[in-house]
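Numbering (the working numbering), first residue to last: -1 to 365.
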């Protein structure tokens, strides 16, 4: 018994040592390591409701009926929203302006708007069609400009004035490819360690622009652009809760997913990371401080009567919403479905965007 006890004790300390060594190595390799697995004992972590500084109801017209509102870009002139296969343009007060919706089999049309990038300087949209492996270019009114064929990727964005960077499809040996603006390959970076062997489907992973930096999340790593390449910046430590690809993307193994953290989506907003994901038959919405690597907020929902997102105070009414865009220290949230009627606006049919600035946002965590 004494020998067995000593063996078990040695094994315990060995596991602790290896775990600590692994964590220390990650701390040296990444700017931040967010220990998601360690935090899973926290069910809820509340904050004071965020104060909205602006409310933007998106105008409801025959050409701007929205089922969802994924914000593609915001400027002094435009708010661009992706709705299914369409790009819809509003002014900064939410008034409908124009729409790009060119689905079809014609030479100027796309079968699917798999991914898009907006060139606000030229007032053009680049639409990638995964089915045709092509990028089509349109003006903001939806008029066709040109097509580039035989482009193999999943998502892309502008890396510099004369370069695109793309996340590659499953056939590539590299994570990213750099193209010139005519879609000629200039470089391939970060060799893939494992080949994709996905049974049923893939998730289109997105680039994000924040404070003039490009970020890309490929679980469990957030990459940042630097010196013409992409480099690891933040590591989400999930330990044995990191879902294997062969389970995540296999529809027949749906029940197995609940043992892991899966379908996670991140938005990096300056020093704050918004993270939504599923685990153990619950949906989680987190906010983390990247600088001190601490969990600031967590909401979990496990039944339809519970509300997702973060609490937001809008003109004295508390609603729920979740971040959809961040730029120039401004946070853009979309109010959760079913909460719009609390805000007493003329059109409740379309999503409502609420905005807050960095200083106001941080008050909810300092009081």
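Where is the CB? At the ideal position from N, CA and C, for every residue including glycine.
Only counting the same chain, and skipping five residues up and downstream in sequence, which positions put a Cβ closer than 8 angstroms to that of residue i?
| i | result |
| --- | --- |
| residue 358 | 48, 49 and 51 |
| residue 281 | 274, 275, 298, 299, 300 and 306 |
Return the Cβ separation of residue i and residue j in integer angstroms, given the expectation that the two are a contact with Cβ distance under 8 angstroms.
| i | j | result |
| --- | --- | --- |
| residue 284 | residue 273 | 4 angstroms |
| residue 54 | residue 322 | That pair is no contact at about 12 angstroms. |
| residue 114 | residue 125 | 5 angstroms |
| residue 62 | residue 94 | 4 angstroms |
Taking the alpha-carbon positions, what's the residue i to residue j distance?
| i | j | result |
| --- | --- | --- |
| residue 379 | residue 350 | Missing from the structure shown is residue 379; the chain here goes from -1 to 365 and no further. |
| residue 31 | residue 186 | 27 angstroms |
| residue 29 | residue 208 | 16 angstroms |
| residue 142 | residue 303 | 45 angstroms |
| residue 270 | residue 103 | 42 angstroms |
| residue 97 | residue 40 | 43 angstroms |
| residue 356 | residue 334 | 21 angstroms |
| residue 279 | residue 44 | 21 angstroms |
| residue 153 | residue 328 | 24 angstroms |
| residue 332 | residue 117 | 23 angstroms |
| residue 206 | residue 216 | 12 angstroms |
| residue 72 | residue 111 | 20 angstroms |
| residue 210 | residue 227 | 15 angstroms |
| residue 75 | residue 324 | 16 angstroms |
| residue 292 | residue 107 | 47 angstroms |
| residue 249 | residue 89 | 40 angstroms |
| residue 87 | residue 290 | 38 angstroms |
| residue 42 | residue 135 | 45 angstroms |
Short of 6 angstroms in beta carbon distance, which residues of its chain neighbour residue i, apart from the five on each side in sequence? Order them along the chain.
| i | result |
| --- | --- |
| residue 294 | 285, 287 and 363 |
| residue 348 | 56, 58 and 64 |
| residue 316 | 47 and 309 |
| residue 176 | 161, 163, 184 and 185 |
Quick one: what's residue i bridged to in DSSP?
| i | result |
| --- | --- |
| residue 129 | Answer is none; residue 129 lacks a bridge partner. |
| residue 317 | 310 |
| residue 43 | 296 |
| residue 222 | 213 and 229 |
| residue 237 | Answer is none; residue 237 lacks a bridge partner. |
| residue 122 | 117 and 137 |
Enumerate in chain order the residues of its own chain whose CB-to-CB distance from residue i is below 7 angstroms, with the five nearest sequence positions on each side excluded.
| i | result |
| --- | --- |
| residue 229 | 221 and 222 |
| residue 156 | 115 and 162 |
| residue 33 | 235 |
| residue 181 | 133, 146 and 149 |
| residue 35 | 235, 236, 237 and 239 |
When every heavy atom of the ligand NAP is checked, does at least one fall within less than 8 angstroms of the C-beta of residue i?
| i | result |
| --- | --- |
| residue 51 | With respect to small molecules bound, the structure shown includes none, and the ligand NAP cannot be examined in it. |
Touch test, the region 221 to 240 against the region 249 to 262, Cβ-Cβ under 8 angstroms, three pairs minimum: Touching, yes.
The region 82 to 89 / the region 333 to 347 touching (three or more Cβ pairs under 8 angstroms): Because the criterion of three Cβ pairs below 8 angstroms is not met, the region 82 to 89 and the region 333 to 347 do not touch.
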